[in-house]
Amino acid sequence: MKKWIRWKGLIAFAAAAVLTVVVWALVVDAVVRRTIEAVGTRAVGARVDLAEADLSLFPAGLELTGLAVTNPDSPMQNAVEIGHMKMDLDPGYLIKRKVIINDMVVAELRFNTPRKDSGEVPELAPKKSEMEKIDVAEVSKAVAEKVCGKFTMPALSQPDIKAILAEEPLQSIQLATDLEERIKAEQTRWEKELVRLADEKTLNEYRARVEKLKGTGGSFGAILGAAGEVHQLQADIQKDLNLLKQAQTTFTTDLKAYQQQVRDLSKAPLKEIDRLMDKYSLSPTGLANLSQLIFGEKLCGWVQTASDWYRNVEPYIGQVPGGAGGAPEEQEPLRGKGKNIRFAETPPMPDFLIRNLKVNAAVAAGNLTGKAKNITLDQHILGSPMTYAFLGKQMKPIASLSLIGTANYVKPGDPKNNARLNIKGLVLEDLSLVREDSFPLTLKKATGDLILNLETVGNAIDAGLKAEFGAVRFLADAGEPQTAIAEAIGSAISGVERFTLNAEVVGTLDAYTLDVTSDLDKVLKSSVGNLVNAEAAKFQAALKEQITYRLQGPVAKTQGSLAGLSGIEDELSKRLNLGDDLLKGVKLPF
Amino acid sequence: MIEAVANLLRALNSETEPGQISLALCLSMIAGFTPVLSPHNLLVLLLVLVLRVNLSAFGLGWGLFSALAYLLDPLFHRIGLAILTAPAFTTLWTGFYNTVWFRLDRLNNTTVMGSLLFSLALFVPGLILFNLLIRRYREHILAWVKRTRLMRAFEATKFYEIYQSVSGWRGGAV
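As they're listed, the protein sequences go chains S and E. Counting along the first sequence from 1, when you hit position 244 you're at 243 in numbering that gives the first Met the number 0, and nothing is skipped either side. Counting along the second sequence from 1, when you hit position 137 you're at 136 in numbering that gives the first Met the number 0, and nothing is skipped either side.
Spelled out as structure tokens, the structure:
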């Protein structure tokens, strides 16, 4: 047996093990620090610096100090800086290659802090030429317009009628021209028809035949022959008269229809005026949803930004790697070869979980403290949703803030999120609401409270905002002479000291509707309503005058053409009278 | 490297127990085929150091089998995948999956499981085969080799000097 055992080898193994542990203890912190920096830098695309890392085994935990993540778009700035981060790891699960953090404390969390040196990593930096081409504000506005439509202020000045009429083809003029052409065509047709019908010459020939018959006398046989001719003549005359009467009836019907159409021409401008008034004139109706126009673009932009963020994050938190139970499932390994096969666990546990997180963040507005539970990308394995609550007090532009919510991805196919944001004493300053040159509007200052309730179920979103603002000061300063209505709106809104704002967002994340209401509408409508009506009446009168003037010529031509048809009517009547007289004179000579 | 080869040759040509060399080669097969940082290789290392096996044979074998493992990885993956996903073993693997040692050793990985099973399966046959080959070598080939002109020429080389000068691991498997 001794021949097969080498006791010195045991000592060598123990020595190697001790040496490994000592080396590990000496270098592990540096290795952890460098690993976090390297992996973080690759992931972010800019330098991630860590001042210190301390990994301990008993108790298992990791402490990070001075973590700075460079903003890849602005290398002289840190997107996030964490002063101190401490996490207690569950050693049992660590051996099972799962990172389960029982408690995690993040202190001195700050955003957008300056860096002493650039954090750019040239080989990882995004292509600058592409970045420079993108104007974030313009993209955001374009996307908001795509979803919510364009928020265009109604025209606040009387539009240039000549310019409008130069661009807008008048349908009434076209109508008159068409009618004139049709009447002319009708006249030509009837003139041809008159040639086909019995005319004065034909009737005179009938008269000659009558006279000839009257001179017939003599034998009984001659008298009988004349009677036969009289009957034939009567039938011929009657036939032509019938054709003339039929033509007259048809013509009279057509003429009446044309006369009616010519009369209708006078009404055409009214419809034209109504159409152009709707399109170009500011009406009191247009003022009814002015708050939608004032606040809509801003709110839609915010909703869209939130929606974009959510959609960027959602694929990760909603992913379903499986493994909660049932059949074994293949997983791509993080590195190396082969595949990791995942089996059901008892109890099921995600690969990464922060059971309790406490955060102390210094945001631009002040200090924000918060806590969150069950942070994991595999809620369907854990079986519990993530909950969070943040609280901020005595912040710079906010008296207090509370955000409470739940992100429920326990059923990945049916994710549910809800959040309630309550802000008190929010101070808004220099918030540009309308950027139209004709009516730039800025909320110079306002203090208010707002409550935002948000709920998403799958892709559907339902959000409601209720806000009340006081100590309000609006500034509507175009810097150039304004129209009376713009001045009136500016004056009315400048006098507003408080207002309420309600917004509802309903739909899906891709297509939602934003409905904004505010008591500002009432104020604006009552203050500028009469002025708007008067301006609209002036615009209408001027429009009517111009359209009537432009329509005069075509209508006169149409009426002239209609007069031409009257000659045809006279001719038909004349021929009928001659025919009737002739028919009366055709009698038997005995 | 030359020294290690010389040591192995010396062991082969000496009176070292063939089992000590073949066991070293079989243990190196496990260490070489499976990923080097797998925790079970600590056990292999312990066995190599505690059991009186030929260390040179283990070192050379480890290098050889590690190189061979790159070629055999697709085979290991297929074996591991077949075993780990076989419905008949699901209950067994599920039970193991919930144990610390199974997860620590990453035995749910197809390559780790495949290579370990492959090397364990070949362990005993390999031991017998290597033993047989060493004995045959000593009985038939060694005497013949020593008589060849090539060997005589080889004895005049520097390599042979090294071979002769190797003195450590007396008996080939200290």
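Ideal Cβ placement from N, Cα and C applies to all residues, glycine included. Please read all numbers here as calculations on a predicted model, not as lab measurements.
Chain-order list of chain E residues neighbouring S:I4: V49, L50 and R51, by C-beta distance under 9 Å.
Between S:R208 and S:L581, the CB-CB gap reaches or exceeds 7 Å. Unbroken alpha helix (DSSP H) stretches of 4 residues or longer found wholly inside the stretch 362-386 of chain S: 378-381, given in chain order. For the set S:E204, S:P71 and S:G369, the Cα lying nearest the Cα of S:L390 is the one of S:G369. Judged by pairs of C-beta atoms under 8 Å, the stretch 493-506 of chain S does not touch the stretch 533-552 of chain S, as fewer than three such pairs exist. Residue pairing by DSSP places S:I403 opposite S:A388 and S:R419 in a beta bridge.
Under a criterion of Cβ atoms nearer than 8 Å, no residue of chain S is adjacent to E:T147; the nearest Cβ is some 34 Å distant. Taking the beta carbon of E:V99 as reference, the chain S residues within 8 Å of it are G91, I94 and K95, listed in sequence order.
DSSP places S:Q393 outside any beta strand (DSSP E), giving it a letter other than H or E.
Here the C-alpha atom of E:L141 lies approximately 22 Å from the C-alpha atom of E:L54. Linking S:N421 to S:L449 through their CA atoms gives a straight-line distance of about 6 Å. Against chain E, the beta carbon of S:N339 has neighbours under 7 Å at N107 and N108, listed in chain order. In this structure, S:G337 sits away from E:T89, with a CB-CB distance that is not shorter than 7 Å.
Shown here, S:M348 sits in coil according to DSSP, grouped into three states, outside any helix or strand. When secondary structure is reduced to three states using DSSP, S:G494 falls in the coil class, being assigned neither helix nor strand.
The distance from the Cβ of S:A475 to that of S:S493 is about 6 Å, consistent with a contact at the 8 Å cut-off. If you compare the alpha carbons of S:V505, S:Q170 and S:N101 with that of S:L464, the shortest gap goes to S:V505. Following the DSSP letters along the chain, one finds S:F468 inside the beta strand (DSSP E) bounded by residues A459 to L474. Ranking S:K213, S:G227, S:I163 and S:V261 by CA distance to the CA of S:T176 puts S:V261 first. Within 10 angstroms of the beta-carbon of E:R105 lie 16 or more other beta-carbons, which makes it buried. For E:G79, the residues of chain S that pass the 9 Å Cβ criterion are G337, K338 and I340, in the order they occur in the chain.
A straight-line Cα-Cα distance of about 41 Å links S:L575 and S:T547. Beta-bridge pairing by DSSP links S:I353 to S:I100 and S:I374. CA-CA distance, S:V527 to S:K278, rounds to 19 Å. At a cut-off of 4 residues, the continuous stretches assigned as alpha helix (DSSP H) that sit fully inside the stretch 229-279 of chain S are 267-279. Of all residues in the stretch 5-22 of chain S, the ones placed with a Cβ closer than 7 Å to any Cβ belonging to chain E are R5, G8, L9, A11 and F12, in chain order. Measuring C-alpha to C-alpha distances from S:K115 to each of S:Q173, S:E167, S:W3 and S:D48 identifies S:D48 as the nearest. Note on S:P553: 16 or more other CB atoms within 10 angstroms of its CB, so buried under the neighbour-count rule. Judged by DSSP in its simplified three-state form, E:R102 adopts helix.
Contact check for S:T446 and S:V426: beta-carbon distance about 5 Å, within the 8 Å limit, so the pair qualifies. Ranked by Cα distance from S:W23, the first of S:G8, S:W6, S:S55 and S:V38 is S:S55. By the Cβ criterion, the stretch 366-381 of chain S is not in contact with the stretch 117-132 of chain E, since fewer than three pairs of Cβ atoms, one from each stretch, lie closer than 8 Å. DSSP places S:L453 in the strand class (E or B) of the three-state scheme. Chain S places a beta carbon closer than 7 Å to that of E:D72, counting this residue as a contact. Around the beta-carbon of S:G118, 16 or more other beta-carbon atoms lie within 10 Å, marking it buried.
With a threshold of 7 Å between beta carbons, S:A305 makes no contact with chain E.
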